[in-house]
Amino acid sequence: MISHIIRKEAMEVSRDGRTRLLAIIVLLLGLTGLLAGWANYADQQRNAMFAQETDQQVFLDQGEKNPHSAAHFGRMAYKPVSPLASFDPGAAQFMGQVIWLEAHQRNPAMFRPAADSLELSRLSNFSVAGILTILLPLLVFLLGYATFAGERERGTLRQTIASGASIGKLFSAKFLVIAGAGIAIVAISIGASAIMALFSPVSLSAQDTLSRAFWLIIVYSIYVLALTAFALLISAMFNQAKTALLVLLGIWAVSILVMPRIGAGLAAQVHPIPDGAQVWSELRASVAENRASADSDEYRAAEQFVVSRALGREVSLEELATMDLNATGLRLEVTEVLDYAALNAFYDDVYDRYYGQRGARRWVSLLSPAIALQHASSAFAGTDFVAYQHFANEAERQRNEIVRIMNEDMLLNGAGMSTYLSDAEFWETVPDFSYTFPTVSLAWRSALVDVLVLLAWGALTGWLAWSITRKRLAD
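The opening position of the sequence shown corresponds to residue 24 in my numbering, with each subsequent residue numbered one higher.
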C-alpha cells in the first residue's frame, strides 16, 4: 500500500509545473554557483602558488646580508584555498590569506578576497551552499504546503483514508517523496562539487575530500528532513492550502532570510571585534607588560635555554658567562622566546571573541536552522574560522622556526663582529613555509554543536508533524 501511495505522490509532484520549474532553477543556479565558485577558487589558488614561489626566489636571491635584517624582511605565508571552497567559501572570503612572517611580530593575515571584489558585485558571494541554504526550504515548502491542506480542501483526504490507507503510511509516503526530492538535489550539488575538488592542485587527500563531501550531504539532508517535517506540520494544521502556503512563506522569510542577519548583528554587538589600530595598540601593551627585564632570573633562564638549544646540549649559567657569542644575536632570540607566550596569549584572546560571536549565533540558531547549517557547512568545507586559526597558528610556529635559524646563525658565527653577514648559501638552509590542511576530524570538533542543533530541529519538527497530523486526520 505504501509503495502505491509513494508512486501517487511522486506522480503528483512531477506533474506540478511550478515545482518542476523551481527544481530546475535551483539546479541551474547551483551549477552556476559551482562554476563561479570554481573559477574564483582557481584564481585564488593560482595567485597563492605563484606568490609563494616568487617569495621563495626573492628570499634565496638576497646575497650576503645580516640575518636579522633578513628576519625583518621576512617571509610570506600564503594560505592554500580549500578545494571545497568552490562549494562553500564560508568565512574564507573575509579572512586574510597571507601572513607576513617577520621578527618580533605576530602579524594578522592580510589581503581578504572579499576586499578585492567590487562593492556592488555579489558574484563573489554566490555559492552552491548559499543557494541550497536559501532555496531548498522554498522548494520543500512549495512541495509540501498542499499535502494535507490541499487534499482536505478538495475533499479527497478522507476518501484516501477510507480506502484503507493508514494515517502513518500516508504521512510516511508524503514525507519520503518530498524529502527525497530535496536530498536528490543536495546529493547532485555536493557530489559535483566533490568531483571538481578531487582535481584540485591542493594537497588534500581524496579520502579526506570525499569524507568531507559525505558529511556535507548528511548535514544538508538533515536540514531537508527538518524542513519537510515542518512543511507537513503546517499543512496538517490548516484547512486551506493558500493559508498554509502563506504561513510557510512567512516562516521562510523570517527564519531563513532575516534571522541569520539578526544573529550576525547580535553577535557583533555582544562580542565586538576591535579594529586594526586597537589590536596593534593592545598587542604592543601586552608584550611590553609581559617582557622580563635583562637582569631578571627569567631573562637569564631564557638566555640559557636559547644557547642550549642552539648548541644541542645543556649549557650551565656559569659556562654561558664564559662563552664567546654574538651578544646581539643572543638578545634578539631571547626576546623572541620571551615574547612568544605573550603574543600567543593575546591572539588567543582575540580568537575567543570570534568564538564568542559563534556562540551567540548558535543561540539564535534555535530559531533558525539555517544558521546551524551555515556553521556546519563551512566547517566541513574547510572554510570556517577554525580552519583559518589552524593556518594562523601553523604560520606562527614556522615564523618562530625561521627567525630562530637566522638568529642562531648570528649568535654562533658572529662572535666579536659588529656587523655580521650571512653568505648567500645560508638562505638555502632556511625552510620555505609549508602548510598541510587539517583532516575532517578538526571539522567535526568545530561543527559538532551545530550538527546536534540540526538533529534537534529534525527530531522536534518530525515529532510535532507526526503528532499533529495524526490528531488532525483522526478528527
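Glycine included, each C-beta is placed from N, C-alpha and C at the ideal position.
Quantities reported herein were computed from a predicted structural model and do not represent experimental measurements.
Contact between the segment 195–208 and the segment 248–256 is present, with at least three C-beta pairs closer than 8 Å. Residue nearest to ALA94 within the set THR462, SER457, GLN421 is GLN421 (criterion: CA-CA distance). In this structure GLN75 is buried. Its beta-carbon is surrounded by 16 or more other beta-carbon atoms within 10 angstroms. At a cut-off of 4 residues, the continuous stretches assigned as alpha helix (DSSP H) that sit fully inside the segment 62–110 are 90–96. Per the Cβ contact rule, the segment 457–466 is in contact with the segment 412–419 (3 or more Cβ pairs under 8 Å). ALA287 is positioned such that its CB atom lies closer than 8 Å to that of ARG384. With respect to ILE206, VAL247 sits close: the two C-beta atoms are nearer than 8 Å. One alpha carbon belongs to GLU424, the other to LEU158, and they sit about 48 Å apart.
In the structure shown, the three-state DSSP call for LEU124 is strand. For ILE296, there is no enclosing alpha helix (DSSP H), since its DSSP letter is neither H nor E. Out of PRO90, PRO112, ARG30, LEU478, the CA that lies nearest to the CA of LEU57 is found in PRO112.
As the crow flies, the alpha-carbon of ARG493 is around 46 Å from that of PRO106. Bridge pairing for MET429: absent [DSSP].
Distances from the CA of LEU435 to each of ALA368, GLU359, ALA114, SER331 were compared; the closest alpha carbon is that of SER331.
GLY153 has its alpha-carbon roughly 38 Å from the corresponding atom of GLY97. Per DSSP, the continuous alpha helix (DSSP H) segment holding GLU176 begins and ends at 172–177. Note that the segment 392–400 touches the segment 465–479; at least 3 beta-carbon pairs, one per stretch, sit closer than 8 Å.
The beta-carbon distance between THR232 and ALA220, rounded to whole angstroms, is 5 Å. This is short enough to meet the 8 Å contact definition. Take VAL472, set aside five residues on each side of it, and the residues of its chain with a beta-carbon closer than 7 Å to its own are ARG385, in chain order. Three or more Cβ pairs drawn from the segment 354–367 and the segment 116–131 lie within less than 8 Å of each other, which places the two stretches in contact. Judged by DSSP in its simplified three-state form, MET118 adopts coil rather than helix or strand. If you ignore the 5 residues before and after LEU162, its C-beta comes within less than 8 Å of the C-beta of THR42, LEU45, ALA46, VAL49, ALA204, GLY205, ILE208, all in its own chain and listed in chain order.
Ranking GLN292, PHE261, GLU431 by CA distance to the CA of LEU334 puts GLU431 first. Sixteen is the threshold: since fewer than 16 other Cβ atoms of the shown chains lie within 10 Å of the Cβ of ASN262, the residue is exposed. Between MET433 and ALA317, the alpha-carbon positions lie close to 20 Å from each other. No residue range can be given for MET346, since it is assigned to no alpha helix (DSSP H) and is classified by DSSP as neither H nor E. Ranked by how close their Cα comes to the Cα of PHE194, the residues ILE25, ASN367, ALA308 have ILE25 in first place. A residue is called buried when at least 16 other Cβ atoms come within 10 angstroms of its Cβ; GLN67 meets this threshold and is buried.
Here the segment 398–414 makes no contact with the segment 301–310; the two share fewer than three CB pairs at distances below 8 Å. Within 10 angstroms of the beta-carbon of MET429 lie 16 or more other beta-carbons, which makes it buried. Contact between LEU289 and VAL387 holds: CB atoms are separated by about 6 Å, below the 8 Å threshold.
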